[in-house]
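Data block below; observations after.
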Amino acid sequence: MGEKIKSPDIPESADAQVHNILVTNAPKPLYRRLRGYSFDPSLSLQMETAVINETVYRVPWEETSELADDGLMPGPVGEYLEVVDYDPASGCFYQPLNLNEPYILAQDGLPPSEGNPQFHQQMVYAVAMTTIRNFERALGRPALWASREVTNGKTAYEFVKRLRVYPHALREANAYYSPEKKALLFGYFPANAEHPDRYLPGGIVFTCLSHDIITHETTHALLDGMHRRFIEPSNPDTLAFHEAFADIVALFQHFSFPNVLRHQIARNKGNLASRNLLGELAQQFGEAVGNYGALRSAIGEYDKTTGRWEPHHPDPREYDTETEPHARGAILVAAVFDAFLAIYNSRSADLMRIAGNVTSFHPGSDLHPDLVNRLADEAAKSAQHVLNVCIRALDYCPPVDINFGDYLRAIITADLDLVPDDDRGYRIAFIEAFRRRGIYPRNVKGLSVESLRWPDVSKHQDFFKPLGSSLRESVGRFPYFRSREELYDFTERAKRKLHVLLREEAFDNFILKNLSEITGMAFEFGLPGLRMEKEHKVPKFEVHSLRPAQRIGPDGDTLNQLIISMIQSRDIPEGESTMVFRGGCTLILDLDTMLLRYAITKSVTDEERLQRHREYHNQALADGSPRATYLQNQKDAQEPFALLHGSTFYGRP
């Protein structure tokens with residue numbers, strides 16, 4: 001007889017069978033798919049745009065957990081964000097959304113809806129997480145929110161794990177990031193009657209349903225987490241930079257929506273300089289309120305006489321005359337968009353020649369769908385490259401007193417560091433776009449790439465090697481932390497060690513001279529108004545931040561860097577008030593060799609910069625401007641973005 005065939009094991013019970021089904025080898029998803037608006041609800045009411053106004057956001061997958069303060073919980077509450085849906089005006093708490101409910105998971109989240117508060121929660125979570133992911137990918141490290149200041153006899157700072165998001169915090173036409181609350185606050189309001197053809201007069205507009213507004217405010221929070229002093233208006237560009245940068249991120253994030261991109265390229269026959277939705281930011285909020293920000297028309301606007309949309313033509317004199325933050329910021333947005341257009345046109349020139357040859361036989365015909373797809377690919381790649389370098393450049397900025405010229409130099413240096421071979425001319429595109437807008441850095445001898453790159457500091461390497469060796473042990477573990485909080489704690493300890501090290505080294509005469517020359521900071525006595533340490537009676541300085549970066553270039557080369565920023569302050573008597581004047585430096589080190597790559601300085605001893613700061617301060621006082629509050633006493637400036645987005649000075653009626 002043949003060998004017996006063994007029958008398969010059969011589960012004894014239904015429970016055992018279910019257990020076998022649940023134990024699978026399926027990999028964890030990389031992304032969670034969530035539906036939302038590509039722009040805002042108004043575009044879903046127009047035949048031409050309704051088909052492209054719904055998209056699916058792919059946000060990083062967050063696991064569920066049995067721990068009370070871990071994993072993705074109803075809200076949604078995750079690693080980075082905590083959505084709290086409380087409406088103070090009505091005293092109402094809306095039920096928190098559970099993204100792990102099977103029915104919600106199965107249909108890519110809730111469908112877009114203006115009337116469902118839970119969809120509002122989903123929308124803010126999806127867009128904010130998309131923005132965070134773009135920052136982390138460009139910067140090469142986890143995102144950290146600004147620390148919370150705690151005063152209990154002595155000022156200290158504590159880790160902020162989650163940014164709170166309130167979808168219905170305000171019953172007013174405003175939305176802003178609150179540095180004090182570490183939160184995003186979104187408003188809702190009745191639409192005005194300025195556009196009755198598009199909006200129901202008196203109908204409710206929810207700012208939390210606009211992709212651009214959510215991205216804009218999330219970017220403010222991320223930028224504040226990197227550069228806390230950028231919200232201090234020390235020159236005409238500082239507040240304008242915060243606004244412009246937030247809108248740059250919102251603008252280029254749209255290029256990750258394939259359906260929108262294909263639609264616009266087909267509509268405009270590949271010409272992204274003509275009127276398109278990608279350049280009209282925060283459309284519903286901007287038009288319904290009327291004055292949320294001049295950046296909303298940074299690239300073009302309707303001509304009141306002809307009724308046609310026209311792109312803006314660069315006016316190099318505008319940068320010298322415009323002082324209102326939103327309008328001034330629009331100049332920077334337009335410059336970056338011009339650089340993108342030049343890059344896109346260069347990448348797609350061969351495809352457009354093909355399109356020209358085809359359509360010349362059939363004037364007025366549409367582009368072939370395959371050609372539209374290829375042009376969309378080139379536009380998406382160009383936009384992602386521009387967005388990445390714009391974010392990455394934040395690591396190459398001075399820690400205080402930022403201006404547009406500094407930012408251009410930061411862009412050029414950041415791109416040169418990661419992509420030495422600029423065969424597509426990206427850096428030239430940025431230089432030309434800024435030049436056409438009249439934006440020139442100070443103290444440079446020319447506008448070549450070599451002139452705009454931050455200065456070479458190789459002559460200081462012999463001096464800096466001992467300091468680099470002392471830092472190696474403290475920072476060598478950066479890429480291997482298991483959590484953002486562990487990274488934050490280790491960073492804070494490393495900052496304290498570095499502060500002690502520099503304080504001890506700084507008062508050796510040889511080291512003092514070199515350290516002052518490298519950093520532009522004052523370690524000598526006698527500088528008027530320089531703040532002094534009470535305990536040690538020496539010039540006071542702050543190790544402001546210490547950040548790792550691990551980035552991979554297009555050739556596969558890894559760039560491991562350590563970014564250190566230090567700040568000093570002077571109290572300058574000015575009439576009956578005291579003016580705070582800050583200086584500082586950003587040091588960029590190669591983590592593999594601990595050699596100093598760049599020292600980006602704003603010297604606290606620079607008398608010309610002090611004079612410009614004084615003139616700006618006095619003009620603010622003379623105008624009765626809200627920015628004078630910051631310049632006199634930063635403690636009173638708890639909510640700068642509420643002022644920036646809501647005050648009459650900053651462009652609101």
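Note that full-length UniProt numbering has the sequence shown beginning at 1, numbered continuously upward. We put the beta carbon where it would ideally sit given N, CA and C, even for glycine.
Legend entry - Residues near VAL543 by beta carbon distance below 6 Å, same chain, minus five either side: Non-local beta-carbon contacts of VAL543 in its own chain, meaning distances under 6 Å to residues more than five positions away in sequence, involve LYS495, LEU498, HIS499 and MET566 in chain order.
Inset, instruction - Kindly give me the distance between the Cβ atoms of PRO179 and PRO548, rounded to whole angstroms, as I take these residues to be in contact under 8 Å. - result: Actually they do not touch by this definition, with Cβ atoms about 24 Å apart.
Legend entry - Whole runs of the beta strand (DSSP E) within the region 479-557, excluding any shorter than 3 residues: The beta strand (DSSP E) runs of length 3 or more contained entirely in the region 479-557 are, from start to end of the chain, 542-552.
Inset, instruction - Using only alpha-carbon positions, find the residue among HIS220, LEU452 and HIS211 that is nearest to LEU144. - result: Considering only alpha carbons, the answer is HIS220.
Legend entry - C-beta atoms of PHE523 and SER516 nearer than 8 Å: A contact, by the Cβ cut-off of 8 Å.
Inset, instruction - With DSSP as the reference, label HIS368 as helix, strand or coil. - result: Correct three-state label for HIS368: coil.
Inset, instruction - Could you tell me whether the region 242-259 touches the region 122-134, where touching means 3 or more Cβ pairs closer than 8 Å? - result: Proximity of the region 242-259 to the region 122-134 meets the contact definition, three or more beta-carbon pairs being nearer than 8 Å.
Inset, instruction - State the Cα-Cα distance for the pair PRO528 and MET521, rounded to the nearest angstrom. - result: Between PRO528 and MET521, the C-alpha separation is close to 14 Å.
Inset, instruction - Name the two residues that bound the continuous beta strand (DSSP E) containing GLU82. - result: Element bounds for GLU82: 81-83.
Legend entry - Environment of PRO398 [buried if 16+ CB atoms lie within 10 Å]: Around the beta carbon of PRO398, a 10 Å sphere encloses 16 or more other beta carbons of the protein chains shown; the residue is thus reported as buried.
Legend entry - N-terminal and C-terminal residue of the beta strand (DSSP E) that ASP590 is part of: Annotation: the continuous beta strand (DSSP E) that includes ASP590 extends over 577-590.
Legend entry - Cut-off 6 Å between Cβ atoms - residues of its own chain near PRO96, not counting five sequence neighbours on either side: Answer for PRO96: PRO74 and GLY75, listed in chain order.
Inset, instruction - Between the Cα of TYR488 and those of ASN268, MET226 and PHE581, spot the shortest distance and give me the residue it belongs to. - result: Each of ASN268, MET226 and PHE581 was checked against the Cα of TYR488, and the nearest Cα belongs to MET226.
Inset, instruction - Between the Cα of VAL77 and those of SER90, GLU63 and ASP87, spot the shortest distance and give me the residue it belongs to. - result: Of the residues SER90, GLU63 and ASP87, the one whose Cα lies closest to the Cα of VAL77 is GLU63.
Inset, instruction - Using three-state DSSP, classify LEU97 as helix, strand or coil. - result: LEU97: strand per DSSP, three-state reduction.
Inset, instruction - Report the option in ILE600, TYR344 and ARG436 whose CA atom is closest to the CA atom of ARG409. - result: Closest by alpha carbon: ILE600.
Inset, instruction - Would you decide whether THR413 is buried or exposed? Buried here means 16 or more other CB atoms lie within 10 Å of its CB. - result: Within a 10 Å sphere around the beta-carbon of THR413 sit 16 or more other beta-carbons, which makes this residue buried.
Legend entry - Of the listed residues ILE518, PHE463, GLU54 and MET47, nearest to ASP40 (C-alpha basis): Selected option, being the one with the closest Cα: GLU54.
Inset, instruction - For GLU450, count neighbouring C-beta atoms within 10 Å of its own C-beta (all shown protein chains included) and say buried if the count is 16 or more, exposed if not. - result: Of the other Cβ atoms in all chains shown, fewer than 16 fall within 10 Å of the Cβ of GLU450; this residue is therefore exposed.
Legend entry - Contact belief for LEU644 with GLU243 at Cβ below 8 Å, rounded distance in angstroms: Contact check for LEU644 and GLU243: beta-carbon distance about 7 Å, within the 8 Å limit, so the pair qualifies.
Legend entry - Stretch-stretch touch, CB-based, cutoff 8 Å, three pairs: the region 579-586 with the region 168-179: With a cut-off of 8 Å, the region 168-179 and the region 579-586 do not count as touching, because too few Cβ pairs lie within range.
Inset, instruction - Find the nearest neighbour of ARG33 within the set ILE52, PRO27 and PRO60, judged by alpha-carbon distance. - result: Measuring C-alpha to C-alpha distances from ARG33 to each of ILE52, PRO27 and PRO60 identifies PRO60 as the nearest.
Inset, instruction - With distances taken Cα to Cα, identify the nearest neighbour of THR605 among ILE104, LEU596, ASN618 and GLN568. - result: Out of ILE104, LEU596, ASN618 and GLN568, GLN568 has the C-alpha closest to the C-alpha of THR605.
Inset, instruction - Give me the Cβ distance between ARG436 and ASP320, rounded to the nearest whole Å; I'm assuming they're in contact under 8 Å. - result: The C-beta separation of ARG436 from ASP320 comes to about 14 Å, leaving the pair out of contact by the 8 Å criterion.
Inset, instruction - Could you please give the first and the last residue of the uninterrupted beta strand (DSSP E) stretch that includes LEU596? - result: In the DSSP annotation of this structure, the continuous segment of the beta strand (DSSP E) that includes LEU596 starts and ends at 596-602.
Legend entry - Under the three-state DSSP convention, the category ALA282 falls into: Residue placement at ALA282 is flagged as unreliable, the pLDDT there being 35, under the threshold of 50; the coordinate-derived value follows with that caveat. It is coil, neither helix nor strand.
Inset, instruction - Name the residue from ILE204, ARG162 and CYS208 whose alpha carbon lies nearest to the alpha carbon of CYS168. - result: Here residue 168 is His; the residue named in the question, Cys, does not match the sequence. Out of ILE204, ARG162 and CYS208, CYS208 has the C-alpha closest to the C-alpha of HIS168.
Legend entry - Helix, strand or coil at PRO325 [DSSP, three-state]: Reduced to three states, the DSSP call for PRO325 is helix.
Legend entry - Contact set for ILE391: own chain, Cβ-Cβ below 8 Å, skip 5 residues either direction: Closer than 8 Å at the Cβ level, and outside the excluded window around ILE391, lie ASN134, PHE135, ALA138, LEU139 and VAL249.
Inset, instruction - Ignoring anything shorter than 3 residues or poking outside the region 167-236, list the beta strand (DSSP E) runs there in chain order. - result: Whole beta strand (DSSP E) segments, 3+ residues: 175-178, 183-190 and 204-206.
Legend entry - Three-state secondary structure assigned by DSSP to LEU631: Low confidence applies here, because LEU631 scores a pLDDT of 46, under 50, leaving its location unreliable; read the following figure in that light. For LEU631, the secondary structure class from DSSP, reduced to helix, strand or coil, is helix.
Inset, instruction - Count the CB pairs spanning the region 417-435 and the region 456-466 that are closer than 8 Å, and state whether there are at least three. - result: Touching, no, given that fewer than three Cβ pairs across the two stretches are closer than 8 Å.
Inset, instruction - May I ask which residues mark the beginning and end of the beta strand (DSSP E) holding VAL56? - result: It spans 54-60 - the beta strand (DSSP E) in which VAL56 sits, taken as one unbroken run.
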